[in-house]
Each structure stands twice: as structure tokens, then as C-alpha cells.
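Chains as they are written, first to last, in this note's numbering: chain A, 1 to 189; chain B, 190 to 539. Every residue gets a Cβ at the ideal spot worked out from N, C-alpha and C, and that includes glycine. Since this is a predicted model, take the numbers as computed values, not measurements. Take a look at the structure below.
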Amino acid sequence: MKSLKLFAFFALVLFASFVRAADPAPAAGDPVARGKYIVSTAGCHDCHTPWKMTPEGPRPDMSLALSGHPEKFDMGPVPQMQGGWIASIAATNTAYAGPWGVSFTANLTPDRETGIGKWTARTFIDTIRTGRHLGRGREVLPPMPIMVYRNFTDEDLTAIFTYLQTMPPVKNKVPEPRPPATAAVAAGS
Amino acid sequence: MRREFLHCLLKLALAVAFLPVLARAEDARGLPQHLGDTGLYVAGGQIRPDVLPFSPQYPLWSDGAAKRRWIWLPPGSSIDASAPDAWQFPPGTKLWKEFAHGNVLETRYIERAADGAWRFGSYVWSADGKDAVLAPARGVRDLPAPNAPGARYTIPSEDDCRACHEGAPVPVLGFSVLQLSPDRDPLAPHAERVAGAVDLKSLNSRGLLRNLPVDLLARPPRIAASSPAERAALGYLHGNCGNCHNDEGPLAVLEMTLAQRVAAPASAPSANSVMRSIVGVQSQFRPTGAPRDAARIAPGHLGASVIAMRMNSRDPLQQMPPLGTSAVDAEAVALLARWIEGLATNSSSN
């Protein structure tokens, strides 16, 4: 009987730990918390926050959180791809060279001149939904997983945008993408 | 009993087998599968007599395609023109635009549903020109078209339709007070005179416009400009770019407007807003090869005028417009060049 009680106790502790691990996502009623949850779990920092080398290896530089490719970072020329290799990634994990040219991750902070401070929730939703810059311009380039993110609900995208607008603004003018034909030349210039 | 069971099983198998076919028959947008069922034609393939042709004075550049356009309004209905720059179309309104490069390739179609929502679809013509079938919402890329630039023709996706049409106050483009003004611009690129085409006056006399401010009939509106070349250039930008680049829609964040509004107050004319937002204003986007201080429009400097540079590019990362075209409109670029050079002359003479 004692062992049964002990088993029940451990079972309860185990169950409680599962419940903790499976905490439900913040409710849609709090868009900032919901947005933060999605940004933290959908990999936004992986590419939109520049990485720096630390004694523990490369880590996202959270002092520049979500500010996109650093405008002053000199990457040098684009390496030539050989064999089965198709793409290169900058050390910051914010610039990518491939068959599409060179793409740079956007500044998602609310800086009004270089970020998305002037955007509205609709601008953000249109961009993700259509895969076009500002919902109407050039196509958003790889590796941005538009085909996945376009499946977010309007409510979730609004929550993401609402949270992004609460971030500290970082002034950082991300370069325009470079087309394939001039990518190697421009990068070396 | 066993026979009934087998019968049910057979029905179930047939239902599963034909499910994809049934799903295809009913388009998710609620649009007819064949153009012939949208109400454009009568028997024999003639255009219905109550479907009205129209011809905007500043047509959208579509890689040189020959285009025909029509509108149909439900009997007894009319367009509310009380807001001159944002006409309200009655539910049931239908518009068509046909594209041809030698032979007809596509007819685009929009309609306003009973709930006020707009539906967008595109119909692809068969090679023999006998039928046009609804294209998938994702569009169709690179159809063979021997007479089109690059011998290819792309049907836009529904997203692309909405990208342009939903950037303006009203999703009907090219059918507006400025585009249908009887005071047509003789220098407008690619403008066509279409027999029987309706304009502001004929729409009004047919009773199809209501609440149109009377002074717009007495003095038909025109693009405000200081010279004929400027009128044509700003008109071109109004018709081709102003649908997205205006100060009311989602791209207002760019603080650049290329759309003129006749309802703007005399104290703050719309033309001034256009010029103020582009001439001498540094561009946030710098195309490859542009100087560091490139402006949206740099008086006297075509090579430093980003709008003209992007119009003259078909690099997908730089071109303007960003969709719906794969060939540069050389006539329009030449027009912009004349206007920009003229701006330098005016600046130096002032």
C-alpha cells in the first residue's frame, strides 16, 4: 500500500511536470504576450538577430535583437559554390547568398526610418500573406519561410506585429538585396 | 443484406474517387468555371448589349498587350460618385479586361458580391479561341505565347490581383473620374480611342452616375501639371503607380504619392502632394549603379532618378511595377526622361 502511495505521488509529480512542459500558449487576449511567444518559438531571432562569437560559440546578440543584417558588417565577396553546395551564410546569420542573389534579413524593430515603425498591422499581414515586400513590392527572398508563416492566422500575425512594436528601436539600414548577376561584383566592391 | 453492403461500399468508393472532380467543379471563390458563364457574351460570342466598353486615358502598361475592357451594372442600379475619387459600385457590378498578343490569351474578371466583397478571377483562353476557363487562384506562369515578349505569358495569382487592386481606396482601377474624363490627354502613352466607350458625360447621361459634383461635368478634370509633358508623365504615374503609391492605402507608410485626387481642397492641391513627395526627395531604395544621393525624381538627372531607373529595369528585385510586367515600357521611360530634363530647365530658369 505504501509503495502504491509512493507510486501515486511520483506519478502526480511526473504528470505535473508534463503539464508544466505543455503550458498552453498565451491567450490571444494578450497580443503582446502571444506575439512574444510566437516570435520566441517560430525562430524569428535565428535570422533577424545578428549572431556574434562568444566563448560558448555563436550566440544571438540580444542587444541588437531583431534589428536584421548589420549595415556596416563587411562580409567580403560571395564564395563560389561548388559541387552539391548551393548557398552561403554570413557569420551573423543575417545574410544569405544563393541562386536568388544575396538576401539580408530585415530590421523588425520599430525604428521609424530603418525598421517597421511606420508599418501598420495590415502592412505586416499583407507582407507575410503575399510573400511580397510591403504586400505589393518585390518578392520576399529565401530563406524566409513565407510558405510556412503565411499559414498564421490574422490574429497571430497581428499579435506578432504588436509585440515587435514594443521592442527597443534599433537604427540599422539593412542593405537592399542583390540580384544574382551583380551579387558577386557588388559584394566585392 | 450482403448485397446492400456491397452496394454501399461501391457508392463510397465512387464518392471517394470522384471527390477531387467535384471539388474542382466548385471554385472556392464562387466564380464560374467558364468565362461564358460570367455574363459577358450573348449566344454567338457577341458582347452583351448592356455590357459597356470603356477606355481609361492612362492605361496600365501590360507588356504591349492589346486590351479591351467592359463594365456591367445591374439593371436599375448606378454608381455613387459623391466621393469623386472613390466611386462606390453597387453589388452585382462586373468588370472584364481582355489581353491579347496577336491572339486572345486571358480575360480578367472582378465582381462585387451581394455582401459587398470583391471577387477576382482570371480566365485562360484555349488556343483555338473558343473557350476560356478559370485559372487556379495561384495563377499560371509562363504560358507559351509566341507574340508576347519572351514568347511567354503569365496569368497573375489572386494574391497579385489583390496586391494592386486593394492598394487603392476602391478596387476598381481605370474606371474613375480622372481616367474617364472627356478632357483626354493627347500625350498619354498607349491610350486608345474605343468606339462606343463610355466616359464621364455618357455615364451621367445614361443615369449610371449619381451624386457626381456638377462642376466635374462643367469642367472635366485633368491631371494638374505645369506643362504638357508633365501632365502626361504625372498621368502615366497616376494610372500605373498611383493605385499602390497613394496616401490612403497600405503604402502610405512610404510617404510617396503618385495619385492625384480631384477632391483635394484648392488650398492643398493633390498635384502639389505628388510633386512634393518625389521631386528632390532622397530615395530609401538605391538601385544598382545609382548614386548615393539618388532622389525619387532628380531634376535634370535621369540617371539619379530612382523612379525612372526602376521603370527601366526588369530585374525582379528592382523593377517597377513589381508585378504584371516583364518588358520595359520604353515609351513611358522616354516620356519620363523628357519631363525630368524639363524640370532641370525650369529649375535653372527660376
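**Message:** Against D30(A), what residues of chain B qualify as contacts under a CB-to-CB distance less than 9 Å, listed in chain order?
**Reply:** Ordered by position in chain B, no residue passes the 9 Å Cβ test against D30(A), which lies about 26 Å from the chain.
**Message:** Excluding the 5 residues flanking H290(B) on each side, which residues of the same chain have their C-beta closer than 6 Å to its C-beta?
**Reply:** Within the same chain, H290(B) has close Cβ partners A254, A334, N336 and A337.
**Asked** How should L211(B) be labelled, buried or exposed, when 16 other C-beta atoms within 10 angstroms of its C-beta is the threshold for buried?
**Response** Legend: pLDDT at L211(B) = 38, less than 50; position of this residue unreliable, value from coordinates given subsequently. Flag for L211(B) reads exposed.
**Item:** Contacts of C433(B) in chain A (Cβ-Cβ under 7 Å)
**Value:** Correct list: R136.
**Prompt:** Of all Cβ atoms in chain A, is any one closer than 8 Å to the Cβ of R475(B)?
**Reply:** yes
**Request:** Quick one: using the 10 Å Cβ neighbour count with 16 as the cut-off for buried, is G206(A) buried or exposed?
**Result:** Lying before the first or after the last residue shown, residue 206(A) is absent from chain A, which here runs from 1 to 189.
**Request:** Consider the Cβ of D540(B): report whether some Cβ of chain A lies at a distance smaller than 8 Å.
**Result:** For residue 540(B) there is no data in the structure shown, the boundaries of chain B being 190 and 539.
**Item:** Length of the line joining the Cα atoms of S244(B) and I236(B)
**Value:** 16 Å
**Request:** Leaving out five residues on either side along the sequence, give the residues of the same chain with a beta carbon under 8 Å from the beta carbon of R499(B).
**Result:** F474, P476, Q507, Q508 and M509
**Request:** For P177(A), return the contacting residues in chain B, with the cut-off set at a CB-CB distance below 7 Å.
**Result:** Listed along chain B, the residues sitting closer than 7 Å to P177(A) by beta-carbon distance are L506.
**Prompt:** So, using beta-carbon positions, are L524(B) and A413(B) closer together than 8 Å?
**Reply:** no
**Contact set between the region 495-519 of chain B and chain A, restricted to residues whose Cβ is under 7 Å from the partner** = D504, P505, L506 and P511
**Prompt:** Of the residues that make up the region 93-119 of chain A, which ones have a beta carbon closer than 8 Å to any beta carbon in chain B?
**Reply:** G101, K118 and W119
**Prompt:** In this structure, does DSSP put W307(B) in helix, strand or coil?
**Reply:** strand
**C-alpha gap between V174(A) and W250(B), whole angstroms** = 31 Å
**Request:** Specify, as a first and last residue, the run of the beta strand (DSSP E) that I299(B) falls within.
**Result:** N292 to R301
**Residues within the region 420-449 of chain B neighbouring chain A, beta-carbon criterion of under 7 Å** = C433, P439, L440 and V442
**Prompt:** Counting only beta-carbon atoms, is D126(A) nearer than 8 Å to chain B?
**Reply:** yes
**Asked** Helix, strand or coil for H379(B) per DSSP?
**Response** coil
**Request:** Please look up how many angstroms separate the CB atoms of L426(B) and L447(B), rounded, as I've assumed it's under 8 Å.
**Result:** Going by Cβ atoms, the distance from L426(B) to L447(B) rounds to 4 Å, so yes, they are a contact pair.
**Asked** Shortest alpha-carbon distance to S466(B) belongs to which of E444(B), A453(B), S416(B) and F364(B)?
**Response** E444(B)
**Asked** Can you list the alpha helix (DSSP H) stretches of 4 or more residues lying completely in the region 467-494 of chain B, in chain order?
**Response** none
**Prompt:** Count the other CB atoms within 10 Å of the CB of A457(B); is the residue buried (16 or more) or exposed (fewer)?
**Reply:** exposed
**Asked** Which of the three DSSP states, helix, strand or coil, is assigned to A95(A)?
**Response** DSSP places A95(A) in strand when its eight states are reduced to three.
**Message:** Could you tell me the alpha carbon to alpha carbon distance between R420(B) and N435(B), rounded to whole angstroms?
**Reply:** 18 Å
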